[in-house]
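Participant: Chains as they are written, first to last, in my numbering: chain A, 160 to 340; chain B, 160 to 340.
The structure under discussion is supplied below as structure tokens; questions concerning it will follow.
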């Protein structure tokens, strides 16, 4: 069992997968990780669509490809995709958001995706969060209403990549005490 | 050591703290949890300001109070506050965001805050994410430029609350396979 520091290190964006399928019990644990995620006013403003039907999965994967630059093509390789749709938060959250000009559901989607990907890593699964996709195409494939935005598409599967060293800003570039810098 | 499921259960929004200070080595681990967080195009669009100067901490805490409804007053009790400021992402991310009409940095702030709070729970620390605050006042206190938005204020300390059972939507209300519902 990894401690949380090791788990954060182990989670990395995986862009190459084996063809081994994801076990059903692990899918249940991933759903549970999103279900338990905290959110503004406990609104839980998300729906998680697990895409494992081969034909739909293939179409959703293709909807994450870019025609501008060649990326996300690895999405077709992942045995499982998960789509995080953004639901309306509670009325109190909506009022607060308007008063303070801030979009809490996007922060909440990030929290939920984080718990999903860390839980996956704890189960020895690789993931990648995709923020670039053809939203309208994915709505059509999964029957998502026009007014519902899609937050992220997550690829899931067994990694075919070695662990990498993380490239990050230095502590001094991203943190400080008591004063902005 | 907790496994990740136990850790997610242990993390809860803590609104009552003992007066025990947070050890310096634990603060370093919390900074590291944000530093390692994944983000769109690895932009790391955040600065984490740890507020432990007593006078500044008191002023930031007061800036999270609401005059409309009485909440966040517990923030003054927390021995430590952390402010997540939102930085501009990479140019490629900004172009993508414009093309796709989406604000990646807010998702990224959620991911970073999630790693912060889970790491805190792994260190037996309680946290609460506050999305409601007087942004201008906090900017003034910490010297944050006008154009920089503040994503979240996090309270940190030793919990004075018992663990609660989480109130969440049922699995059937927040997840499905292959079709939106």
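Virtual Cβ for every residue (Gly too), placed ideally from N, Cα, C.
Computed from a predicted model, the values in this text were never measured in an experiment.
#1: If we ignore side chains and look at the alpha-carbon of each, how far apart do residue 271 of chain A and residue 197 of chain A end up?
#2: At 9 Å on the CB atoms, spell out the chain B contacts of residue 209 of chain A, in chain order.
#3: Taking the alpha carbon of residue 221 of chain A as the point to measure from, which residue in A:168, A:202, A:291 and A:199 has its own alpha carbon closest?
#4: Could you tell me which whole alpha helix (DSSP H) segments of length 4 or greater appear in the region 163-217 of chain B?
#5: Could you check where the beta strand (DSSP E) with residue 288 of chain A kicks off and where it finishes?
#6: Would you kindly report the start and end of the unbroken alpha helix (DSSP H) that includes residue 282 of chain B?
#7: Residue 326 of chain B lies in the alpha helix (DSSP H); which residues open and close that run?
#8: Can you check which of these residues, B:199, B:231, B:262 and B:160, is closest to residue 176 of chain B by C-alpha distance?
#9: Which term fits residue 257 of chain B, buried or exposed, when burial requires 16 or more other beta carbons within 10 angstroms of its beta carbon?
#10: Three or more beta-carbon pairs under 8 Å between the region 237-253 of chain B and the region 198-208 of chain B, yes or no?
#11: Could you tell me the alpha carbon to alpha carbon distance between residue 284 of chain B and residue 319 of chain B, rounded to whole angstroms?
#12: Any beta-carbon of chain A closer than 7 Å to the one on residue 299 of chain B?
#13: Would you mind sorting residue 163 of chain B into buried or exposed? The rule is 16 or more other CB atoms within 10 Å of its CB.
#14: Which of helix, strand or coil does DSSP assign to residue 271 of chain A?
#15: Does any residue of chain E bring its CB to less than 7 Å from the CB of residue 285 of chain B?
#16: Going by the CB atoms, is the gap between residue 166 of chain B and residue 275 of chain B shorter than 7 Å?
#17: Please list, in chain order, the residues of the region 245-273 of chain B that have any C-beta partner in chain A closer than 7 Å.
#18: Taking DSSP's pairing of strands, which residues face residue 335 of chain A in a bridge?
#19: Quick one: residues in its chain with C-beta nearer than 7 Å to the C-beta of residue 192 of chain B, no 5 flanking neighbours on either side, listed in chain order?
#20: Which one of A:180, A:171 and A:334 has the shortest CA to CA distance from residue 238 of chain A?
#21: Quick one: give me the first and last residue of the alpha helix (DSSP H) that residue 308 of chain B is part of.
#22: Could you tell me the boundaries of the alpha helix (DSSP H) in which residue 300 of chain A lies?
#23: Residues in the same chain with beta-carbon distance under 6 Å from residue 294 of chain B, minus the five sequence neighbours each way, listed in chain order, please.
#24: Per the DSSP calculation, residue 245 of chain B is bridged to which residue(s)?
Facilitator: Let me spell this out:
#1: Walking along the first chain from the start, residue 271 of chain A turns up at place 112. Walking along the first chain from the start, residue 197 of chain A turns up at place 38. Distance between the alpha carbons of residue 271 of chain A and residue 197 of chain A: 8 Å.
#2: On the first chain, position 50 is the one that residue 209 of chain A refers to. Near residue 209 of chain A (Cβ distances below 9 Å), the residues of chain B are 334, 335, 336 and 337.
#3: For the purposes of this step, residue 221 of chain A is taken as the residue at position 62 of the first chain. Checking every option, the nearest Cα to that of residue 221 of chain A belongs to A:291.
#4: 163-169 and 183-194
#5: Within the first chain, numbered from 1, the residue matching residue 288 of chain A stands at position 129. Where residue 288 of chain A is concerned, the enclosing beta strand (DSSP E) stretches over 285-289.
#6: By 1-based counting over the second chain, the position of residue 282 of chain B is 123. That residue, residue 282 of chain B, is in no alpha helix (DSSP H); it is neither H nor E in DSSP.
#7: Within the second chain, residue 326 of chain B is the residue found at index 167, counting from 1. First-last for residue 326 of chain B: undefined, no H or E at that position.
#8: On the second chain, position 17 is the one that residue 176 of chain B refers to. Considering only alpha carbons, the answer is B:231.
#9: By 1-based counting over the second chain, the position of residue 257 of chain B is 98. Answer is exposed; the Cβ neighbour count stays below 16.
#10: yes
#11: Position 125 of the second chain, counting from 1, holds the residue named residue 284 of chain B. Position 160 of the second chain, counting from 1, holds the residue named residue 319 of chain B. For residue 284 of chain B and residue 319 of chain B, the distance between alpha carbons rounds to 10 Å.
#12: Your numbering for residue 299 of chain B matches position 140 in the second chain. It does not: the Cβ of residue 299 of chain B has no partner Cβ on chain A nearer than 7 Å.
#13: Taking the first residue of the second chain as position 1, residue 163 of chain B is located at position 4. Classification of residue 163 of chain B: buried, given that the 10 Å Cβ count is 16 or more.
#14: On the first chain, residue 271 of chain A is found 112 positions in, with the first residue counted as 1. Three-state DSSP puts residue 271 of chain A in a helix.
#15: Annotation note: the requested chain E is absent from the structure, which comprises protein chains A and B.
#16: Residue 275 of chain B sits at position 116 when you count from the first residue of the second chain. Residue 166 of chain B sits at position 7 when you count from the first residue of the second chain. The answer is no: Cβ separation not under 7 Å.
#17: 255, 259, 261, 262, 263, 265, 266, 267, 268, 269, 270, 272 and 273
#18: Residue mapping note: residue 335 of chain A aligns to position 176 of the first chain, counting from 1. The partner list for residue 335 of chain A (beta bridge, DSSP) reads B:208.
#19: As a first step, residue 192 of chain B must be located in the second chain, where it is residue number 33. So the list reads 274, 275 and 278, once near-sequence residues are dropped.
#20: For the purposes of this step, residue 238 of chain A is taken as the residue at position 79 of the first chain. Measuring from the Cα of residue 238 of chain A, the nearest candidate turns out to be A:180.
#21: Indexing the second chain from 1 puts residue 308 of chain B at position 149. Where residue 308 of chain B is concerned, there is no enclosing alpha helix (DSSP H), although the beta strand (DSSP E) it sits in stretches over 308-316.
#22: Taking the first chain and counting its residues from 1, one reaches residue 300 of chain A at position 141. Its alpha helix (DSSP H) spans residues 294-301.
#23: If you number the second chain from 1, residue 294 of chain B lands on position 135. The residues are 309.
#24: Looking up residue 245 of chain B in the second chain gives position 86. Per DSSP, B:205 and B:308.
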